[in-house]
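So the sequence shown is numbered by this note's numbering: it starts at 24 and just counts up by one.
Worksheet: the structure to be examined is printed underneath.
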Amino acid sequence: MAHAQPPIPVTARSRGPLAGRVRVPGDKSISHRSLIFGLLAIGETRISGLLEGEDVMRTADAARALGAIVHHDSPGSWRVRGVGVGGLREPGGVLDFGNAGTGSRLMMGVCGAHPITTVFDGDASLRKRPMRRILDPLELMGTTIVSQEEGGRVPLTLRGPKEAVPITYRTPVASAQIKSAVLLAGLAAPGETTVIETEATRDHTETMLRHFGADVAVSPDGAHGRRIVLKGQPELQAAPIVVPTDPSSAAFPLVAALIVPGSDILIESVMANPLRSGLLTTLREMGADISVESEANEGGEAVATLRVRAGVLKGVTVPPERAPSMIDEYPVLAVAASFATGTTRMRGLQELRVKESDRLAAVEAGLKAAGVTCAIEGDDLVVEGRDGAVDGGGLVATHLDHRIAMSFLVMGLATRQPMTVDDGAMIATSFPSFIALMNGLGGDIA
Numbered sequence: 024m025a026h027a028q029p030p031i032p033v034t035a036r037s038r039g040p041l042a043g044r045v046r047v048p049g050d051k052s053i054s055h056r057s058l059i060f061g062l063l064a065i066g067e068t069r070i071s072g073l074l075e076g077e078d079v080m081r082t083a084d085a086a087r088a089l090g091a092i093v094h095h096d097s098p099g100s101w102r103v104r105g106v107g108v109g110g111l112r113e114p115g116g117v118l119d120f121g122n123a124g125t126g127s128r129l130m131m132g133v134c135g136a137h138p139i140t141t142v143f144d145g146d147a148s149l150r151k152r153p154m155r156r157i158l159d160p161l162e163l164m165g166t167t168i169v170s171q172e173e174g175g176r177v178p179l180t181l182r183g184p185k186e187a188v189p190i191t192y193r194t195p196v197a198s199a200q201i202k203s204a205v206l207l208a209g210l211a212a213p214g215e216t217t218v219i220e221t222e223a224t225r226d227h228t229e230t231m232l233r234h235f236g237a238d239v240a241v242s243p244d245g246a247h248g249r250r251i252v253l254k255g256q257p258e259l260q261a262a263p264i265v266v267p268t269d270p271s272s273a274a275f276p277l278v279a280a281l282i283v284p285g286s287d288i289l290i291e292s293v294m295a296n297p298l299r300s301g302l303l304t305t306l307r308e309m310g311a312d313i314s315v316e317s318e319a320n321e322g323g324e325a326v327a328t329l330r331v332r333a334g335v336l337k338g339v340t341v342p343p344e345r346a347p348s349m350i351d352e353y354p355v356l357a358v359a360a361s362f363a364t365g366t367t368r369m370r371g372l373q374e375l376r377v378k379e380s381d382r383l384a385a386v387e388a389g390l391k392a393a394g395v396t397c398a399i400e401g402d403d404l405v406v407e408g409r410d411g412a413v414d415g416g417g418l419v420a421t422h423l424d425h426r427i428a429m430s431f432l433v434m435g436l437a438t439r440q441p442m443t444v445d446d447g448a449m450i451a452t453s454f455p456s457f458i459a460l461m462n463g464l465g466g467d468i469a
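In structure tokens, the structure reads:
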């Protein structure tokens with residue numbers, strides 16, 4: 024298991040407008056998948072722009088333990104020589120994923136469908152996160168759960184079948200992690216594996232399956248859903264990957280520029296995948312001054328350079344069906360809502376309860392520590408905007424959650440009094456350069 028690090032309190036304070044041009048690190052979701060598909064492909068996959076945060080490095084370590092040869096050539100540039108579908112080596116020790124929920128869940132799908140035994144573990148935060156949603160479909164495909172902690176939590180041990188069973192599976196909640204785990208397991212199964220989702224979630228796995236040569240078909244299912252059909256046991260071929268920047272990371276300088284008076288910044292090459300653009304849609308509904316300066320394509324994903332300027336925001340109601348396209352951005356959206364005029368209601372946030380922390384409760388507590396009136400009503404979060412004048416001055420408990428830490432440090436750049444988070448160490452899991460990037464724009468985080 025990952026050893027706990029001593030907490031590192033971090034404080035953000037207002038120091039005037041933000042200005043400059045930045046590019047945030049590579050997308051975390053695509054970085055995890057790049058390493059996993061490199062493992063499962065035949066030949067050498069070259070990856071550029073890989074996010075070198077702690078979470079992704081855990082996936083790189085797991086790929087090595089399962090038989091891949093993984094080389095780090097230069098910052099962001101990696102090579103993975105894979106073993107092919109069906110060629111995984113049984114690891115000699117525990118696969119320790121630290122804080123990486125995405126890496127651990129996707130790799131459970133990979134390992135659970137191969138005839139090997141694997142032990143998964145992680146840090147204190149990962150040990151609290153539910154894994155039954157991954158284990159249930161894997162058991163239908165023939166995986167044996169040798170051991171698990173209460174509620175299907177890590178540490179847990181999986182033993183895969185001689186040959187996985189293809190299934191048709193309707194995901195119980197909107198989750199790209201569940202969908203992806205089933206599809207990755209389906210690679211090792213004969214015939215067709217089908218995943219049906221009521222609400223369409225980020226489609227990076229489907230895009231990458233095609234990129235590596237798998238036969239996958241996607242069609243609409245219902246008003247907002249999708250049906251994904253994968254033909255199993257392909258021979259995936261190594262393919263180069265360019266990792267675009269992470270819209271979830273771009274959310275922090277973006278919101279900071281909106282709430283710090285006088286700010287005017289450019290954020291380069293933000294991924295514009297419509298299944299990841301819920302935050303941009305919502306902020307524009309709130310009246311945010313966000314314009315597209317240029318557009319391009321990186322690694323098969325549309326990207327855009329955004330100009331963001333401070334201005335007046337208004338409260339809105341965010342519909343529940345938008346949640347899959349911005350599930351990681353609700354904490355920083357709540358910060359933006361605190362500076363708006365009027366009430367913002369974010370609906371259908373039940374998934375926030377099972378992230379790195381109970382993000383719904385953590386956001387509510389953090390907002391109240393800053394003097395913002397808010398409430399949890401069922402699965403909704405209601406924030407009463409303070410018309411651009413938030414007191415701040417609070418200490419926020421992060422609960423080992425990187426997005427809670429970064430969200431309230433962004434808030435501290437615009438509050439009357441500084442904001443302090445109890446621990447900023449875990450920010451390195453997804454955005455190692457966060458503090459340096461924000462200070463480079465004129466922020467004061469230390």
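All C-beta atoms, glycine included, are put in the ideal place defined by N, C-alpha and C.
Beta-carbon gap between residue i and residue j smaller than 9 Å
{"i": "Arg368", "j": "Leu375", "result": "no"}
{"i": "Val339", "j": "Met309", "result": "yes"}
{"i": "Ser203", "j": "Asp50", "result": "no"}
{"i": "Gly371", "j": "Pro342", "result": "yes"}
{"i": "Gly389", "j": "Ala420", "result": "yes"}
{"i": "Ala212", "j": "Gly245", "result": "no"}
{"i": "Val377", "j": "Ile282", "result": "no"}
{"i": "Asp78", "j": "Thr452", "result": "yes"}
{"i": "Leu289", "j": "Glu318", "result": "no"}
{"i": "Gly126", "j": "Arg81", "result": "yes"}
{"i": "Pro297", "j": "Ile53", "result": "no"}
{"i": "Val331", "j": "Ala280", "result": "yes"}
{"i": "Met349", "j": "Gly301", "result": "yes"}
{"i": "Gly85", "j": "Gly435", "result": "Reading off the sequence, residue 85 comes out as Ala, not Gly. Not in contact: Ala85 and Gly435 (Cβ atoms no closer than 9 Å)."}
{"i": "Arg439", "j": "Val413", "result": "yes"}
{"i": "Leu259", "j": "Val218", "result": "no"}
{"i": "Pro441", "j": "Asp269", "result": "no"}
{"i": "Leu232", "j": "Thr216", "result": "no"}
{"i": "Ala197", "j": "Glu222", "result": "yes"}
{"i": "Pro114", "j": "Ile139", "result": "yes"}
Assigned exposure category for residue i - 16 Cβ within 10 Å defines buried
{"i": "Thr191", "result": "exposed"}
{"i": "Ser380", "result": "buried"}
{"i": "Asn122", "result": "buried"}
{"i": "Glu324", "result": "buried"}
{"i": "Glu400", "result": "exposed"}
{"i": "Arg38", "result": "exposed"}
{"i": "Asp226", "result": "buried"}
{"i": "Leu89", "result": "buried"}
{"i": "Pro153", "result": "exposed"}
{"i": "His247", "result": "exposed"}
{"i": "Ser170", "result": "exposed"}
{"i": "Ser242", "result": "exposed"}
{"i": "Gly285", "result": "exposed"}
C-alpha distance - residue i paired with residue j, whole-angstrom precision
{"i": "His26", "j": "Val177", "result": "Legend: pLDDT at His26 = 43, less than 50; position of this residue unreliable, value from coordinates given subsequently. Distance between the alpha carbons of His26 and Val177: 15 Å."}
{"i": "Glu291", "j": "Ile313", "result": "13 Å"}
{"i": "Ile251", "j": "Ala273", "result": "29 Å"}
{"i": "Gly109", "j": "Ala83", "result": "19 Å"}
{"i": "His95", "j": "Arg112", "result": "21 Å"}
{"i": "Ile468", "j": "Asp446", "result": "13 Å"}
{"i": "Arg128", "j": "Leu62", "result": "16 Å"}
{"i": "Arg156", "j": "Pro40", "result": "44 Å"}
{"i": "Met294", "j": "Arg249", "result": "21 Å"}
{"i": "Gly66", "j": "Arg104", "result": "6 Å"}
{"i": "Ala459", "j": "Ile450", "result": "12 Å"}
{"i": "Pro32", "j": "Thr443", "result": "7 Å"}
{"i": "Arg150", "j": "Gly174", "result": "10 Å"}
{"i": "Ala208", "j": "Ile59", "result": "12 Å"}
{"i": "Gly214", "j": "Glu186", "result": "11 Å"}
{"i": "Val386", "j": "Glu352", "result": "11 Å"}
{"i": "Phe454", "j": "Gly76", "result": "6 Å"}
{"i": "Met461", "j": "Ala136", "result": "42 Å"}
{"i": "Gly322", "j": "Ala311", "result": "28 Å"}
{"i": "Gly43", "j": "Glu172", "result": "48 Å"}
{"i": "Pro354", "j": "Ala327", "result": "23 Å"}
Three or more C-beta pairs closer than 8 Å, one from the region 394-406 and one from the region 422-433: is that the case here?
no
Complete beta strand (DSSP E) runs within the region 119-155 (minimum length 3 residues, chain order):
Here the runs fully enclosed are 140-144.
Three CB pairs or more closer than 8 Å across the region 134-152 and the region 180-190:
yes
Would you say the region 95-102 touches the region 60-78, given that touching needs at least three Cβ pairs under 8 Å?
Taking a cut-off of 8 Å for Cβ pairs, the region 95-102 and the region 60-78 touch, as three or more such pairs fall below it.
Any contact of the region 132-139 with the region 157-177, i.e. 3+ C-beta pairs under 8 Å?
yes
Every unbroken beta strand (DSSP E) inside the region 368-401 [3 residues or more]:
397-400
Please go through the region 30-106 and give each complete beta strand (DSSP E) segment of 3 or more residues, from N-terminal end onward.
33-36, 42-45, 67-71, 92-97, 100-104
Jot down the residue ranges of each uninterrupted alpha helix (DSSP H) in the region 157-235, minimum 4 residues, whole runs only, in chain order.
199-209, 227-234
List in chain order: all unbroken alpha helix (DSSP H) runs of 4+ residues lying wholly within the region 249-289.
270-282
At which residue ranges does the region 334-366 contain complete alpha helix (DSSP H) runs of 4 or more residues, listed in the order of the chain?
353-361
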